[in-house]
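For reference, the structure is listed below as structure tokens.
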Amino acid sequence: MAAADASGALTPLGMFMDADWVVKSVMLGLIVASVLAWAVWAGKLVQIAAASARLGRDYRRLAAHGRLGAELARRGAVARMQDAAEAEMAASDGLPNDGIKARTAADLSRIEAGAARAMQGGIMVIGSIGSTAPFIGLFGTVWGIMNAFVGISESGSTNLAVVAPGIAEALMATAIGLIAAIPAVLFYNHLTRVIGGYRARLADAVSLVERTLSRDLDRRAMRPSAQIVAAEIVALAAE
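One point on numbering: in full-length UniProt numbering, the residue at position 188 of the sequence shown is 188, and numbering is uninterrupted.
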């Protein structure tokens, strides 16, 4: 083996360059997977942080406004929930309030689920990397050890200088697999917790919109009674 010809070849780069093409392909694939896991993790953190900040701002604005029609971020989940509630309220004018609330609750659940799915997109890639990378690395190790034994049989020598480089190349594949898998598992668990917190805030937003809709419906139901009372007062005053 070329790795056995020079002691200086027993470096990570030297072992990679001298590895069999299958082992080399495994190493390259694991390196790409590791970079992908880091990129997805960083991207999802930015996405979730932006969505959570927008959700928090819109929640506070709607709560302070006290009724539907608050000025909210156009692309935010709370804005879509408010739009759905306003649309249902306008389309169901004159219908029983219980039906309006039930239909709005169904729309809000759909929006909540869609927002949660948008945050979850991509994390399965990280989970897959974390669960499969060690086995892919192990495959590279097994293949490399097989080649090492073939080299031993061809050389007819069991000298450590002949055996060690091939075994080292093979074990390097497992090491790279673990380097790719361990951060990926940590990233997956971290993102799962962060998304869980985001989903809890989404549920709070759904409850806020439902409470606000209920108050607005009660206000609308009271208007005819108030108008009748006002008309009676005017009539009595005229007499």
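Every residue gets a Cβ at the ideal spot worked out from N, C-alpha and C, and that includes glycine.
Are the CB atoms of residue i and residue j nearer to each other than 8 angstroms?
i	j	result
V206	L62	no
N97	A184	no
W143	V32	no
R193	A116	no
N189	D20	no
residue 245	A84	Residue numbering for the chain in the displayed model covers 1 to 239; residue 245 lies beyond these limits and cannot be assessed.
Keeping to the same chain, check which residues put their C-beta closer than 6 angstroms to that of residue i; ignore five residues upstream and five downstream.
i	result
D216	R67 and L68
S34	A180
Which residues mark the beginning and the end of the alpha helix (DSSP H) in which residue i is found?
i	result
D58	W21 to H65
S109	N97 to Q120
A87	A77 to A91
How would you label residue i, buried or exposed, when you count the other beta carbons within 10 angstroms and need 16 or more for buried?
i	result
L191	buried
T55	The residue you asked about is not Thr; residue 55 is Leu in the sequence shown. Label assigned to L55: buried.
D112	Reading off the sequence, residue 112 comes out as Glu, not Asp. Its Cβ being crowded by 16 or more others within 10 Å, E112 is buried.
E154	exposed
G76	buried
D18	buried
L202	buried
L72	buried
M124	exposed
D93	exposed
G114	exposed
A173	buried
Less than 7 angstroms between C-beta atoms, sequence neighbours within five positions excluded: which residues of the same chain meet that for residue i?
i	result
L30	A133, I136, G137, I176, G177 and A180
F187	A37, W41 and I126
R80	I111
I48	M119, V194, I195 and Y198
Starting from the C-beta of residue i, find all residues in its chain whose C-beta is less than 8 angstroms away, skip the five residues before and the five after it, and write them out in chain order.
i	result
A170	V23, G140, T141, V142, W143, G144, I145, N147 and A148
query: Taking contact to mean at least 3 C-beta pairs separated by less than 8 angstroms, is the stretch 146 to 153 in contact with the stretch 114 to 133?
result: no
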